[in-house]
Amino acid sequence: MRTNQLLARLGAAALLVSGFATASQAQVRRAPAPSYSSSSATDGVKFGVRAGLNVADLSGDAVNSFTDLTDLANGAVNKEMKPGFYAGLYATLPLGPRFAIEPGLGYSEKGTRLRGTIPFEQFKFINAKLDGTARLAYLDIPVLAKAYLTDGLYVYAGPQASVLLSGKARVKASAFGFSAYQNDFDVKDQLRSVDFAVVGGLGYQFQNGFGLSAGYDYGLSSLDKNNNFDAQNRVIKASLNYSF
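Residues 167 to 410 (this note's numbering) are what the sequence shown spells out, left to right.
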């Protein structure tokens, strides 16, 4: 009798232990493993496309001299940032759960714009306006280092080489509301064929492949290949991208 009772108790204990083990295994299977999915750098090499808006300007001694001149004109002439288009391709190469290298290739419009009026009161009645635009198009080749702060949110920085595709200058004048003069100049031969810059910014990559980013290009090279003037590219950019 005692033997039967002992066997029964051992069987019940075995069933109880088995039940705890099964429940524990189920919890382990259900527990989510930490993952950064497609919004970080753990899913292998990814390729993508990017497009957005540039807001460009020029900086340097030559531009500072022009700014001094506009001050003498009592605000009649102003330098403005020039909007432009950006589009390109990139590849994201993971270096770990939080880091990646991202080389890219993109078309980028840069330059600057000058707008003003004749700064003499006696000519104000003719409403004479002047407009000058430098339109520079480049093939940007950045190599960026990306660091993920959280799942999806990242900062980036790195060097960039830009090959000059075209350089145009347009000068326009108008009076009484009508166009009086317009001329386009090709200035590509006067500019360096390659521009170097450092770039940086931040972005967010969603798990569905779409992402947003904003950054700044700080040009290091003087644009004039003959060293007659000193001016560098400055570009603020925002873009939408898709990784696949």
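Every residue, glycine too, gets a C-beta built ideally from N, C-alpha and C.
All values reported here derive from a predicted model rather than from experimental measurement.
To the nearest whole angstrom, what separates the beta carbons of residue i and residue j, a pair I think is in contact under 8 Å?
i, j, result
"K276", "L302", "5 Å"
"S274", "D306", "5 Å"
How about residue i and residue j: do their beta carbons lie closer than 9 Å?
i, j, result
"D328", "A294", "First, the amino acid is wrong: residue 328 is Ser here, not Asp. No, the pair does not count as a contact, with Cβ atoms beyond the cut-off."
"L296", "T278", "no"
"P325", "V353", "no"
"L319", "Y370", "yes"
"V309", "E268", "yes"
"L255", "V215", "yes"
Report the residue from the options whose alpha carbon sits nearest the alpha carbon of residue i.
i, options, result
"A261", "K312, L280, A404", "One point to set straight first is that residue 261 is Leu, not Ala, in the sequence displayed. It is K312."
"V360", "T299, D390, L315", "D390"
"S225", "D396, L406, S409", "D396"
"L271", "L378, K334, N392, T258", "T258"
"G218", "V211, A253, K248", "A253"
"P263", "V215, G367, D209", "D209"
"L330", "Q356, M247, N374, F213", "Q356"
"G316", "D223, F342, A380, F372", "Correcting the residue type first, residue 316 is Thr in the shown sequence and not Gly. Checking every option, the nearest Cα to that of T316 belongs to F372."
"A298", "Q348, R336, F265", "The residue asked about is misnamed: residue 298 is Gly in this sequence, not Ala. Of Q348, R336, F265, the residue nearest in Cα terms is R336."
"F351", "A300, A323, Y314", "A300"
For this session: Scan the region 273–339 and note each continuous beta strand (DSSP E) run of 3 residues or more that stays entirely inside, going in chain order.
Result: Listed in chain order, the complete beta strand (DSSP E) runs (minimum 3 residues) inside the region 273–339 are 295–314.
For this session: Please confirm if the region 399–408 is in contact with the region 384–391, defined as three or more CB-CB distances below 8 Å between the two stretches.
Result: Yes, the region 399–408 is in contact with the region 384–391.
Problem set entry | Runs of beta strand (DSSP E) wholly within the region 353–408 (minimum 3 residues, chain order) | Correct list: 360–371, 376–385.
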